[in-house]
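Here's the structure, in structure tokens; my notes come after.
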Amino acid sequence: MTEEVSKVDKVVEIPMTVEIPVGPQHPAVHEPILIKVYAEGEYVVKAEAYTGYNHRGIEKLAEKKSFYQDIFLCGRVCGICNAVHADCYVRALEHILDKEPPPRAKYLRTLVMELERLHSHMLILAVTAEIVGFDTLFMHMMRDRELIMKAKEIVTGNRVLADYIMVGGVRRDLNTEKIDKLKKILAKVEPRIRHYWRVFEEDVTLNKRLVDVGRLTPAQVTSHGLLGPVARASGIATDSRYHDAYDAYAEVPFRIVTRREGDCMARSLVRFEEMQVSLEICRYILNHLPGGEAVPDERRLPRRFPEGEAFTTVEAPRGELTYYVMSKGGVNPYRVKIRTPSYNNVINTVPFYVGHTIADVPAILASYDPCISCMERVTVIDSRRGIRRKVSMRDLARGEA
Amino acid sequence: MAKVPLLKEVVKLIFSKPATIQYPREETPVEPDARGRQYADLSKCIGCSLCMIECPPKAIRMEKIPEGYEVPKRNARKIYPVVDYFKCIYCYRCVTVCPTKAYVVTNEYRLASDAPVNSRELSLSTLKKAGQEPSQGKEGVNRR
């Protein structure tokens with residue numbers, strides 16, 4: 001017996017790895033993405049992201065439609081941040097036309113974008129609560145989010161798709177009656193947000209599930225190009241509202257919210273504080289709305305565009321969103337390139353699931369605030385051979401397209 | 402410590418009204434100027450087709466005005482826009498580009514139906530039939 005044991009000079013441990021697909025139907029948020037997680041017992045040893053379930057070919061479609069039709073198309077890239085997409089695209093068109101919107105229009109655009117940030121953050125915080133098993137909080141937050149949707153309806157005429165921003169201004173103006181209504185709504189929303197903020201900070205369930213989960217260091221954030229609240233929660237003060245100072249952000253006072261912890265809880269709390277800042281911005285705009293015209297006559301806008309190109313950025317609720325628009329003259333754009341923050345934040349963070357438990361994967365994914373419909377737009381066309389095929393972002397990233 | 406804000410909330414909610422709106426029985430509160438169903442007022446329309454050209458989802462088709470209607474002289478080609486409400490995205494681009502401001506806007510959002518829904522009847526109701534008054538005015542359709 002002892003002889004046999006002494007013969008064994010090396011013990012090889014064979015890992016029992018189980019492959020667990022998370023998604024593609026509703027892994028965390030109600031959008032399709034597949035994250036394949038390889039687990040040993042409870043712990044993740046490897047993760048892969050598979051995307052391409054929501055591809056619609058919007059960038060290619062944008063080349064076929066006119067500059068003005070694309071405003072509404074770009075608004076439909078993402079339902080949650082539609083005014084942000086439209087604003088970014090319209091500002092690119094204004095650069096090409098060398099046109100400056102009036103100050104009142106700039107303030108109104110900022111107001112709508114801040115309302116959007118409010119309801120977007122409320123949505124993802126509610127979903128975070130739902131994922132960790134706190135469904136009641138989800139219901140309560142979604143109910144109060146409806147107040148902000150109402151505010152958006154008052155300003156733009158629709159609770160979700162704003163279609164509010166037009167070259168040279170906005171498409172509707174505010175009167176004093178509407179401003180009073182909006183102020184009342186903001187006064188109602190503020191204590192609710194403070195209440196939920198306190199719940200997130202103090203609740204035992206949420207703290208156990210979110211604190212020290214999915215921690216990202218500032219070095220990881222910068223090396224993987226993460227954006228928005230994800231970067232700000234790790235202490236990287238990146239905010240194109242501040243760096244770019246587009247629309248009315250040069251005149252409206254606000255601050256960049258950062259935290260140092262870098263975990264899921266920090267990302268949630270950064271969003272809460274940003275909502276507070278957004279409320280302050282909204283209130284400032286409603287009190288300091290400049291006079292003058294804001295609505296351009298759409299019948300007098302130039303139909304043909306001169307040659308030119310423009311590259312614009314905005315701070316979407318999820319991070320920095322960029323548009324590149326190229327015009328070769330005429331009525332259609334030659335190229336519209338959209339780069340959304342969710343793509344960086346979801347795909348580039350896949351290695352960081354390793355070491356966490358499987359139950360933490362949806363919670364971490366939700367804390368990145370993924371917007372899948374933003375990510376997938378690319379079609380590759382081989383004009384020489386006349387082949388047209390759709391390629392997922394993953395294949396593009398691997399250089400297989 | 403952590404239970405206090407939520408407990409207060411729970412007690413408050415037990416005695417408050419439910420937030421759910423019983424939709425078909427109760428009306429959903431909509432702003433009076435929300436973007437709902439829109440249609441062309443044919444007494445103003447000149448048949449220029451600009452709304453059809455500019456429509457982002459191509460939901461508008463120009464059709465011939467049927468016989469028996471008194472068509473204004475300005476509409477020389479006797480055509481009018483028909484909006485397919487299933488294709489329409491309610492961006493109101495047609496309303497804003499119309500050179501004669503012919504579109505009538507309403508906040509009617511209840512458009513679910515089995516059969517195709519379009520603006521044909523609404524638009525034609527703004528025109529006089531030979532020897533008759535128009536059956537439905539602009540204001541008649543607006544709910545609020």
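Line by line, the protein sequences give chains A and B.
Counting in our numbering, the first sequence runs from 1 upward without gaps.
Counting in our numbering, the second sequence runs from 402 upward without gaps.
Ideal Cβ positions, reconstructed from N, Cα and C, are used throughout, including at glycine.
- Apart from sequence neighbours up to five positions away, the residues of its chain that approach L451 (chain B) with a beta-carbon distance below 6 Å are V498, ordered along the chain.
- Shown here for P500 (chain B): same chain residues with a beta carbon closer than 7 Å to its own, the five before and five after excluded, namely C449 and L451 in chain order.
- Chain order gives the chain A residues near C492 (chain B) as F72 and D163, where near means a beta carbon separation below 7 Å.
- Per DSSP, L34 (chain A) is not a residue of any alpha helix (DSSP H); the beta strand (DSSP E) it occupies stretches across L34 to E40.
- In this model, T136 (chain A) and L115 (chain A) are separated by some 24 Å (Cα to Cα).
- Contact annotation: in the stretch 86-100 of chain A, no residue has its CB less than 9 Å from a CB in chain B.
- Distance between Y196 (chain A) and M141 (chain A), taken at the CA atoms: about 8 Å.
- Annotated three-state conformation of A83 (chain A) is helix, per DSSP.
- Secondary structure of V90 (chain A) (DSSP, three-state): helix.
- Neighbours of R521 (chain B) in chain A, taken as residues whose beta carbon is under 9 Å from its own, are absent, since the nearest beta carbon is some 24 Å off.
- D485 (chain B) sits in a strand when the DSSP states are folded into three classes.
- The C-alpha of L365 (chain A) is placed about 30 Å away from the C-alpha of N158 (chain A).
- For N345 (chain A), no CB of chain B lies under 8 Å from its own CB, so it is not counted at the interface with that chain.
- A distance below 8 Å separates the beta carbons of D369 (chain A) and P229 (chain A).
- Note on T507 (chain B): 16 or more other CB atoms within 10 angstroms of its CB, so buried under the neighbour-count rule.
- Annotation for A266 (chain A): A233 and R259 place their beta carbon closer than 7 Å to its own, counting only its chain and skipping 5 residues before and after.
- In the DSSP assignment, E315 (chain A) is bridged to A:E320.
- Per DSSP, K529 (chain B) lies in no beta strand (DSSP E) and is assigned neither H nor E.
- Within the stretch 450-472 of chain B, contact with chain A at the beta-carbon level (separation under 7 Å) is assigned to E455 and P457.
- Residue state for R209 (chain A) is assigned as helix, using DSSP reduced to three classes.
- For A219 (chain A), the enclosing alpha helix (DSSP H) begins and ends at P218 to S223.
- Cβ contact annotation for I131 (chain A) (same chain, cutoff 6 Å, sequence separation greater than five): A28, P362, A363 and A366, in chain order.
- Per DSSP, A187 (chain A) lies in no beta strand (DSSP E); the unbroken alpha helix (DSSP H) holding it starts and ends at T176 to E202.
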